[in-house]
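Visitor: Residues in the sequence shown are numbered consecutively from 1, following full-length UniProt numbering. Supplied in structure tokens, the structure appears directly below.
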Amino acid sequence: MTFSAVFVNGGRVLVELPWQKTFSKPGGMAQMIEEKDGHFPYPFSRWTAFRSFSLTTMSSNLRKTYTERAAVHPNPCARTFLELMERKRSNLSVAVDVTSKTELLEIAGKVGPYICLLKTHIDIVNDFDQDLVDQLKALSKKHDFMIFEDRKFADIGNTVKLQYGFGIYRIASWADITNCHSVPGEGIISGLKEIGLPLNRGLLLLAEMSSAGSLATGAYTAATVAMARRHQDFVIGFIAMRRMDAEDEGGDFIVMTPGVSLDVAGDGLGQQYRTPREVVVESGGDVVIVGRGIYGKGKNVEEQAKRYRDAGWEAYLERVRR
């Protein structure tokens, strides 16, 4: 089991230390900080510590069904999504990264009956138009899934507000969920919230990524979780490789995990894959995100979507029965 303590002052990460050594004896925090930085510049009252947990310290939320979590969840978007997953018996999201309108709609139509969430990169579609948006919304209603535009906003608050609500894509008008990096600071959440909250949209923060060499680790991840806790009216969860909350810290964040495959371990371009069971049971993820494993060359899309839907749901049932 691995623990870390990350000390933050005013949102700025100052130092990351081993949790057990830091708190195992009186004065441990000051001693460890002095050993690392040579000084202890702030009074204890101005520091906040965050822990990084393994599944051994599993949040009680993971033993609850999606229905049980939805019943007490304070966020309307998260509540709707949890209810949808239970109703449809699916925790599968398909990432449709294709460059043509026809192909995007074709895949969406085929996977629609099996998914809880369709993940798009709308800015790679060469022939994007409003009709594409209208058809995606119609498919989401027909097949009962939500839409997640994987925009990964990463600018200052005013800029992302305009990117989210305006321009040719008008993402907030059709995407139930979007996401952002936390590197610009909390202003990015505030800017997106100004547009999305009145529309009952939800935001995911990128706490971790599935690519090899990702810098979203340690102190950065802990600071991202801290931001989410301060904006639970709009932030519904994380893109992450493991559970981000703990039983004693309150809240209920939905964890969506990319890099899922039943057949391969990597793609040669830095992507690292895990199975649905590894994601849901061993790491505490809620939603498995699958892309090329479902619609790649030579794949039977409906057959693969059903296969991943079943694997993800079986993993979820195993987890809640523990």
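Note that the Cβ used here is the ideal one computed from N, Cα and C, for glycine as well.
By DSSP, does Arg151 sit in helix, in strand, or in coil?
Guide: Reduced to three states, the DSSP call for Arg151 is strand.
Visitor: How long is the line joining the alpha carbons of Ala78 and Gly202, rounded to whole angstroms?
Guide: Each residue's Cα considered, the two are about 7 Å apart.
Visitor: Taking the alpha-carbon of Ala172 as reference, which of Gly185, Asp150, Ile156 and Gly187 has the nearest alpha-carbon?
Guide: Asp150
Visitor: According to DSSP, is Ile122 part of a helix, a strand, or is it coil?
Guide: Ile122 falls in the helix class under three-state DSSP.
Visitor: For Met209 and Asp131, what's the separation of their Cα atoms in angstroms?
Guide: 32 Å
Visitor: If you drop the 5 nearest sequence neighbours on each side, which residues of the same chain put their C-beta closer than 7 Å to that of Lys152?
Guide: Asn179, Cys180, His181 and Leu206
Visitor: Do Arg309 and Leu92 count as a contact pair if the criterion is CB distance below 7 Å?
Guide: yes
Visitor: Have a look at the DSSP bridge pairing and note the partners of Thr257.
Guide: Val288
Visitor: List the endpoints of the continuous beta strand (DSSP E) containing Gly237.
Guide: Val235 to Ile239
Visitor: Less than 8 Å between C-beta atoms, sequence neighbours within five positions excluded: which residues of the same chain meet that for Ile236?
Guide: Asn75, Cys77, Ala78, Phe81, Ile177, Gly202, Leu203, Leu204, Phe253 and Ile254
Visitor: Rounding to the nearest angstrom, what Cα-Cα distance links residue 324 and Ser100 in this structure?
Guide: The question about residue 324 has no answer, for the chain in this structure spans 1 to 322.
Visitor: Relative to the alpha-carbon of Gly185, which residue among Lys299, Glu278 and Asp155 has its alpha-carbon at the smallest distance?
Guide: Asp155
Visitor: For Met146, which three-state DSSP category applies?
Guide: strand
Visitor: DSSP three-state call for Gly312: helix, strand or coil?
Guide: In the three-state reduction of the DSSP assignment, Gly312 falls in the helix class.
Visitor: In the DSSP assignment, what residue or residues form a beta bridge with Ile171?
Guide: BP columns for Ile171 are empty, so no partner.
Visitor: Verify whether the separation of the beta carbon atoms of Ala188 and Val225 is less than 7 Å.
Guide: It is worth fixing the name first, because residue 188 is Ile in this sequence and not Ala. It is not a contact, given that the beta carbons lie outside the stated cut-off.
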